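> Whatever position you read off the sequence shown (first residue = 1), add 31 for my numbering. For glycine and all other residues, C-beta sits at the position ideal for the given N, C-alpha and C. Owing to the predicted nature of the structure, the values given are computational and were not obtained by experimental measurement.
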Amino acid sequence: MVEAALRGLSSLGSFPFLVRQETRVGVSGYTAWGEERGEGVLEGEDFTVEMTRISPQGEERYAISFREGGYYLRREGTERPAEGSEVPGPLLRPHDFIEIFSKYKHAREGNEEDYQGLRCRVFDLEYDPSLALQAIPEQAKEYFSNLDYSLQGKVWLGDGSPYPVAMSLVLIGLDRVEKLQRLRLDCTLQPFPGGKT
Numbered sequence: 032m033v034e035a036a037l038r039g040l041s042s043l044g045s046f047p048f049l050v051r052q053e054t055r056v057g058v059s060g061y062t063a064w065g066e067e068r069g070e071g072v073l074e075g076e077d078f079t080v081e082m083t084r085i086s087p088q089g090e091e092r093y094a095i096s097f098r099e100g101g102y103y104l105r106r107e108g109t110e111r112p113a114e115g116s117e118v119p120g121p122l123l124r125p126h127d128f129i130e131i132f133s134k135y136k137h138a139r140e141g142n143e144e145d146y147q148g149l150r151c152r153v154f155d156l157e158y159d160p161s162l163a164l165q166a167i168p169e170q171a172k173e174y175f176s177n178l179d180y181s182l183q184g185k186v187w188l189g190d191g192s193p194y195p196v197a198m199s200l201v202l203i204g205l206d207r208v209e210k211l212q213r214l215r216l217d218c219t220l221q222p223f224p225g226g227k228t
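Right under this line is the structure:
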């Protein structure tokens, strides 16, 4: 059932989506956090997403596009090629999110849940820990390379819907010595927000 829903989503040429990622980084007893929320459209290999980044420093609004093999950043009406940390991490790129999400090892059905007013069957997904590195932003891989990782997934499936209602991936990185959480990425992708049109 999960595999069929993911195949159906991957076969689409385009769809609108919502994405939300919470990031927590813990170092020396201090935890830094941030949240990114976006609304976008995937069209073939390309996508555009309007983002809001929320942190203790405040809110920042911008847009990211991927087209013709390159990433572009737009702020206050001005667009330019995205560089370095401006390039979104894999979980904020819909193609990469779906590719990683689809590589689960086992699916276990849980209790039914309401997701934004829609009754859904819920499946918890297990992943090989080695897959976690694919979910980390490129510029952060070296810094976080010495952690022990786990990756967990969850998918909400609505009755009669050929596509997932929502998909979630949670990546956790633990210090190998102290076993303290140093990195947590919690990302949810929601295709067709508000229902398929």
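#1: Got a sec? Which residues, its chain only, sit under 7 Å from L162 by beta carbon, not counting five neighbours each side?
#2: By the three-class DSSP mapping on this structure, what secondary structure does A113 have?
#3: Is the beta carbon of R98 closer than 8 Å to that of D127?
#4: Tell me the start and end of each unbroken beta strand (DSSP E) in the stretch 100 to 163 that is at least 3 residues and wholly inside, in chain order.
#5: For the structure I just gave you, are there three or more beta carbon pairs, one from the stretch 82 to 101 and one from the stretch 177 to 192, closer than 8 Å?
#6: Figure out for me which residue from G115, P47, I95 has the closest Cα to the Cα of R106.
#7: Is the beta carbon of G120 sitting closer than 8 Å to the one on P160?
#8: Kindly give me the distance between the Cβ atoms of V33 and F223, rounded to whole angstroms, as I take these residues to be in contact under 8 Å.
#9: Give me the Cα-Cα distance between P47 and L73, rounded to the nearest whole angstrom.
#10: To the nearest angstrom, how far is the alpha carbon of S199 from that of P125?
#11: Within its chain, find whatever has a CB closer than 6 Å to the CB of G65; leave out the 5 residues flanking it on each side and keep chain order.
#12: Excluding sequence positions up to five away, which residues of its chain have a Cβ less than 6 Å from the Cβ of R68?
#13: Going along the chain, which unbroken runs of the beta strand (DSSP E) with 3 or more residues stay wholly within the stretch 36 to 109?
#14: Quick check: what's the CA-CA separation for S42 versus V196?
#15: By the DSSP assignment, the beta strand (DSSP E) with D206 in it spans what residues?
Taking the coordinates as given:
#1: Residue mapping note: residue 162 aligns to position 131 of the sequence shown, counting from 1. Cβ neighbours of L162 beyond the five flanking positions: I131, K134, L182.
#2: Stepping through the sequence shown from its first residue, residue 113 is reached at position 82. If DSSP states are grouped into helix, strand and coil, A113 belongs with coil.
#3: As a position in the sequence shown, residue 127 is number 96, starting the count at 1. As a position in the sequence shown, residue 98 is number 67, starting the count at 1. Result no, Cβ atoms of D127 and R98 do not sit closer than 8 Å.
#4: 101 to 106, 109 to 112, 137 to 140, 144 to 146, 149 to 157
#5: no
#6: Along the sequence shown, one-based indexing puts residue 106 at 75. Looking at the Cα atoms, I95 is the closest of the given residues.
#7: Locating residue 120 in the sequence shown gives position 89, counting from the first residue. Locating residue 160 in the sequence shown gives position 129, counting from the first residue. Cβ distance not < 8 Å, so G120 and P160 don't count as in contact.
#8: Numbered from its first residue, the sequence shown carries residue 33 at position 2. Numbered from its first residue, the sequence shown carries residue 223 at position 192. The Cβ separation is near 17 Å, so there is no contact.
#9: Against the sequence shown, residue 47 aligns to sequence position 16. Against the sequence shown, residue 73 aligns to sequence position 42. Near 6 Å, if we compare the C-alpha coordinates of L73 and P47.
#10: For the purposes of this step, residue 199 is identified with residue 168 of the sequence shown, where counting begins at 1. For the purposes of this step, residue 125 is identified with residue 94 of the sequence shown, where counting begins at 1. Going from the Cα of S199 to the Cα of P125 covers about 12 Å.
#11: As a position in the sequence shown, residue 65 is number 34, starting the count at 1. Correct list, in chain order: T54, S86.
#12: In the sequence shown, counting from the first residue as 1, residue 68 sits at position 37. For R68, where only same-chain residues beyond five positions count, the Cβ hits under 6 Å are R51, T83.
#13: 45 to 58, 61 to 74, 77 to 86, 89 to 98, 101 to 106
#14: Counting from one through the sequence shown, the residue named residue 42 turns up at place 11. Counting from one through the sequence shown, the residue named residue 196 turns up at place 165. Those two C-alpha atoms are separated by around 16 Å.
#15: Counted from its first residue, the sequence shown places residue 206 at position 175. Where D206 is concerned, the enclosing beta strand (DSSP E) stretches over 197 to 206.
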